[in-house]
Amino acid sequence: MWTAPFTQWVPDLGAFFTWGPFSAGAWITFLLTMAVYVYYHIWVIRQEDRDYAEVAERVRRERGEVKP
Amino acid sequence: MFDLSAITPRRWALTWLAGVGSFLGISTAMAWAQQAPAQPPPGPEKALEFLSAHAAMNSEVYYFWTIVVMWLIHCGFMTYETGVARRKNMMHVVMKNVGLIPVVTVSMYFPGWWLYNAMVDGFVPRGTDDPLVAASIPWGASMGPNLQDHITGVFWGAFILFSWTTASIMSGAVIERIRQGAFLVLAALLGSVVWIVDAAWGWHPNGWLAMKWGFHDAIASGVVHGVAGAFTLGVLFNLGPRIGKFAPDGTPRYLPPHNLWMTVLGLFLIFTGFFGFYAACLVFFVGPEQWLWGNIYGSPTTLGSIFFNFVMGWSGGAMAGYMFSTPKRDPFWYCSCALAGVVSVSAGADIFYPPLGFLVGFIGAILCIGWYTFGERVLKVDDAVGAVAVHGAAGFWGVLAVGLFAAGYPTGANNVPSTLLGQIIGILVFIPLGFVPGFVVSWLFKRANLLRIPEEVEVVGQDTFVYGDMYPEFPRAPEPAWAPLAGGSDAPMPGTR
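Note that the protein sequences, when read in sequence, are chains A and B. Counted the way this note's numbering counts, the first sequence spans residues 74 to 141. Counted the way this note's numbering counts, the second sequence spans residues 592 to 1088.
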């Protein structure tokens, strides 16, 4: 049995989620976690790609390889 | 004569207190013994119930603290890799080690733990009619706070730490030129899919390799280290060497660690954490007939057995590293080969005679150095920390060593004797299982131009534009650096590192 803290502390929300194994609450939070997880990877890749492009261009400009 | 003057008030008081105290204590004990009702002795069922409950609680505590000790492995990997990195890339290396922890943790919650329990028959998962599978799906009753389950959480926790370790093995090899985004995806793939599938096959009491072939890899020489080494090699082929690692004619150059004592300290933290790793690979069983420590397959062993072989393998590896490293008596290889010795002896650490463990570690370290030299000079692979050699070569050697020296020992739920053939089959399965995903996924990142940092950033340093110099209070001596391979001269470029 799960200790189900949600249902003890927030009864209305707990009733909506019916917190426990194979419940809607477990499914919803699991899917949200996966969504955040996948988005995090995409965010890191895009952020890093943009940063490196800026750095590379700055270095090339400092070397005089790119005309301002 | 009795000297009355010797009886001081202080002595008298102490003697009196001792006498009265003894009298009261004895009287109370006698009265209690007379009044206490006679308790019927507990029956064997009650005793077994109590013993099982006690064992469950002890197991929970035991695994919890192995997890804590295993954290040191990751402190060690971070320190070790940062010491190996050049000053211009230090913080980026640290952030890479930190970054793998959250991504591997979440993906080990799902699908990692489910894969471990479901994929035991091969690539087709078992259904939830198997109680272990039912207990491992993330929305199941065992995968959360559960007053009736004292083991799943901490056992999963131990596997989380194994997974971080597996991903960290790749981490060191790719430093100073891989992108964080690509690394995190590769770490999640290795740490929570690739190695966990091979663990389901060869490191699970019901795994098909153990059940059919008696595959024996008690503390994961091949399951963790070997597979991680094969995966890393696949990534390194696509990632390419660091700028300046090879001269235009292909001759490898030595890129010295920026802080070697930090690297050695990191290795010692890894060794400390590995005691937790070793301990977490054992399971305590209590039944009506017997109680025993078992290895991951449930075959009997003891904590003492694995300690014997841990330190003997360590010693053999360290000695070989000191003798055969290039350059001679190199501190980095001295300690790395000690790790190679531990990795080598791990597969049979539960059953080897300790001097045999010493020799297995000694040979494993020689193979480690040999593979590193071959990889660098022939394959032109730039493995910054020798991960493929230390973990891959030594790990698979350890698996083979069980077949050579300990064949016949029963393994798995079927108690199938381990054999040389079974160990070789395990190696032949694990090498492609590790190499192919690493190569394919890193190739896809390479095609998308997302695997490697730009050349301009690599020459200046990954920290320069994000974190800055990590030792601003220390003057920076000119350090030797090398021009880019493509079209660059072979002359050193002082001050650019």
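Each residue gets a CB set at the ideal place from its N, CA and C atoms; glycine is no exception.
Query: Proximity below 8 Å, CB of F943 (chain B) to CB of A997 (chain B); Result: yes
Query: CB contact below 8 Å: F1056 (chain B) versus chain A; Result: yes
Query: Any C-beta of chain B under 8 Å from that of R133 (chain A); Result: yes
Query: Within-8 Å CB hit, A99 (chain A) to chain B; Result: yes
Query: Proximal residues, the region 767-779 of chain B versus chain A, C-beta separation under 9 Å; Result: R770, Q771, G772, A773, L775, V776, A779
Query: Under 8 Å by beta carbon: chain A residues contacting I1044 (chain B); Result: Y125
Query: Distance between S643 (chain B) and L723 (chain B) (C-alpha atoms, nearest Å); Result: 20 Å
Query: Whole-angstrom distance between R833 (chain B) and G841 (chain B), CA atom to CA atom; Result: 13 Å
Query: Interface residues of the region 722-747 of chain B facing chain A [CB-CB below 8 Å]; Result: P729, W730, G731, A732, G735, P736, N737, L738, Q739
Query: Any non-hydrogen atom of the ligand SAM closer than 7 Å to A811 (chain B) Cβ; Result: No copy of the ligand SAM occurs in the structure displayed, which carries no ligand at all.
Query: Nearest-angstrom beta carbon gap, G857 (chain B) and F542 (chain B) [assumed within contact, 8 Å]; Result: Any question about residue 542 (chain B) goes unanswered here, given that chain B covers just 592 to 1088.
Query: CB contact below 8 Å: L1041 (chain B) versus chain A; Result: yes
Query: Terminal residues of the alpha helix (DSSP H) in which G1025 (chain B) lies; Result: 1011-1038
Query: Beta-carbon gap between G1013 (chain B) and G805 (chain B) smaller than 8 Å; Result: yes
Query: 8 Å Cβ cutoff, V697 (chain B) in contact with chain A; Result: yes
Query: For T917 (chain B), the three-state DSSP class (helix, strand or coil); Result: coil
Query: Neighbour list for A129 (chain A) in chain B, Cβ cutoff strictly below 7 Å; Result: P1045, E1047, V1048
Query: Length of the line joining the Cα atoms of P1075 (chain B) and V128 (chain A); Result: With a pLDDT of 42 at P1075 (chain B), under the threshold of 50, the modelled position of this residue cannot be trusted; read the value that follows with caution. Going by the C-alpha atoms only, they are around 18 Å apart.
Query: Exposure label - G854 (chain B); buried when at least 16 CB within 10 Å; Result: Residue 854 (chain B) is actually Thr in this sequence, not Gly. Buried, because 16 or more other Cβ atoms sit within 10 Å of the Cβ of T854 (chain B).
Query: Test: Y112 (chain A) CB closer than 8 Å to a CB of chain B; Result: no
Query: Cutoff 7 Å; reference R844 (chain B); Cβ partners in own chain excluding five residues on either side; Result: G835, K836, F837, A838, W1073
Query: Cut-off 7 Å between Cβ atoms - residues of its own chain near I957 (chain B), not counting five sequence neighbours on either side; Result: A911, F915
Query: F553 (chain B) versus G831 (chain B) - alpha carbon distance; Result: Chain B is shown from 592 up to 1088; residue 553 (chain B) falls before or after that span and cannot be answered.
Query: Test: V1051 (chain B) CB closer than 8 Å to a CB of chain A; Result: yes
Query: Any C-beta of chain B under 8 Å from that of V117 (chain A); Result: yes
Query: Which listed residue (B:H645, B:R768, B:L691, B:A790) has its alpha carbon closest to that of A709 (chain B); Result: B:A790
Query: DSSP beta-bridge partners of L883 (chain B); Result: B:F876
Query: C-beta atoms of V934 (chain B) and G895 (chain B) nearer than 8 Å; Result: no
Query: Between the CA atoms of V685 (chain B) and E1047 (chain B) - distance to the nearest angstrom; Result: 21 Å
Query: Terminal residues of the alpha helix (DSSP H) in which V993 (chain B) lies; Result: 985-996
Query: CA-to-CA distance, F875 (chain B) to A749 (chain B), given in whole angstroms; Result: 14 Å
Query: The region 786-801 of chain B touching the region 959-975 of chain B, judged by at least three CB pairs closer than 8 Å; Result: no
Query: Chain C contact for I664 (chain B) (CB, 8 Å cutoff); Result: In the structure shown, chain C cannot be found, because the protein chains are A and B.
Query: For V1007 (chain B), three-class secondary structure by DSSP; Result: strand
Query: Where the alpha helix (DSSP H) containing A779 (chain B) begins and where it ends; Result: 771-780
Query: For N900 (chain B), the three-state DSSP class (helix, strand or coil); Result: helix
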